[in-house]
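What follows is a single structure, written as structure tokens, with notes after it.
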Amino acid sequence: MALTRIHHIGIAVHDADKTAEVWRDTFGLETALDMELESQGVRGVIFPLDNCEIELLQPTRGETGIAKYLETNGEGFHHICFESTDVATDLIAAKESGMRMIDEEPRVGLTGMIGFIHPRSNHGVLIEYAQPPDDAPQHSGPTSGPGPHALHHMTMAVNDIAPVQSEWTERYRLTPGRYLESEALGLEAQFLGLGPTDIELVRPLPGSGGPLPRKLETSGEGMFMLALTVRDAGASVAYLRGQGWTVTDANAGGFISPKHTHGARLRLSEA
Ligand code: CO
């Protein structure tokens, strides 16, 4: 197993130009790549952060995986990609451990040689492994401004923390970190580290309301929210509110409704 970090977060969108208005124009991220994979009927647009990338995926014709995904689920988080130093070996290991594979062998993707593992084997999360080429250019997020410059953590909604934690620490070599239970937020949370960023597993406390239990009821376990690092949360919240965005719970950094971002639920936090 040679997974080193979260390489990117994939987001399915109807129109990457529209969604670029969020990541490029509002947040100030650079476009590092904008290309169509003709054979797969998908256009990918990549926006780098300091420690991770955002990958927008837009179908360029019907009947493709992304087109079907959008029909069923609408716009939003599509997959999480772990960087691998040896994707062929890691895919074999995943298959041998009993996971349901989409790709048993690496194929060419937007970010090097890649392969996907089925969400049914991963609590609703579609997982990609990617081995970027050795000469892949190094990018970073914006060096100033109110937009996010790094990934803080990716939050997954789960029905029960313990089984996911034990599976994923073993399978992906994640390191258990902080655990918290918050009556105020109505959830319990377990952080799992991989390289410079974390995955956070969250479960709603019984009787709590809001978007987290609603997500589990309507679409089951899976990717829920992306927490992004900003330099000055107060300034970022003020800036986004100035753009007409609703940002709630500013004391905690600020929560951004998916209605402003074409389906991606975001949270801002200072490092
Ligand atoms: Co990807």
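In the numbering used here, the protein residues as written are -4 to 266. Glycine is no exception: its CB is placed at the ideal position from the N, C-alpha and C atoms.
Bridge-paired residues (DSSP) for residue i
i, result
"A184", "L175, V197"
"E165", "Answer is none; E165 lacks a bridge partner."
"E78", "R0, A125"
"A152", "V197, G217"
"V159", "Answer is none; V159 lacks a bridge partner."
"R278", "Summary: the structure shown does not reach residue 278, with the chain confined to residues -4 through 266, and so no result is reported for it."
"A145", "T224"
"I251", "V242, L261"
"R38", "E31, Q53"
"T256", "DSSP lists no partner for T256."
"T170", "G188"
"M94", "DSSP, once it has assigned bridges, lists no residue as partnering M94."
Supposed close pair residue i, residue j - CB separation, criterion 8 Å
i, j, result
"L196", "I156", "5 Å"
"F42", "T26", "6 Å"
"Y124", "S79", "5 Å"
"R262", "A222", "4 Å"
"T170", "L187", "7 Å"
"I1", "I49", "So it is not a contact: roughly 11 Å between Cβ atoms."
"L301", "L105", "In the structure as shown, the chain begins at -4 and stops at 266. Residue 301 is therefore absent and cannot be evaluated."
"L121", "P127", "The pair is not a contact, with the Cβ atoms about 19 Å apart (cut-off 8 Å)."
"G110", "D98", "4 Å"
"G36", "P54", "6 Å"
"T14", "L51", "5 Å"
N- and C-terminal bounds of the beta strand (DSSP E) containing residue i
i, result
"A222", "217 to 225"
"G237", "Per DSSP, G237 belongs to no beta strand (DSSP E); it is in the alpha helix (DSSP H), 228 to 237."
"S264", "261 to 265"
"M108", "107 to 112"
"V120", "From DSSP, V120 is part of no beta strand (DSSP E); its letter is neither H nor E."
"G104", "102 to 104"
Element boundaries [alpha helix (DSSP H), containing residue i]
i, result
"E212", "206 to 214"
**Item:** Pocket of the ligand CO defined by Cβ to heavy atom distance under 7 Å
**Value:** H3, G5, E50, H74, C76, G104, L105, T106, I109, E123, A125
**Prompt:** For the stretch -1 to 32, which segments carrying the alpha helix (DSSP H) assignment without a break, of at least 4 residues, lie completely within its bounds, in sequence order?
**Reply:** 11 to 15
**Request:** Tell me the start and end of each unbroken beta strand (DSSP E) in the stretch 43 to 88 that is at least 3 residues and wholly inside, in chain order.
**Result:** 48 to 54, 71 to 79
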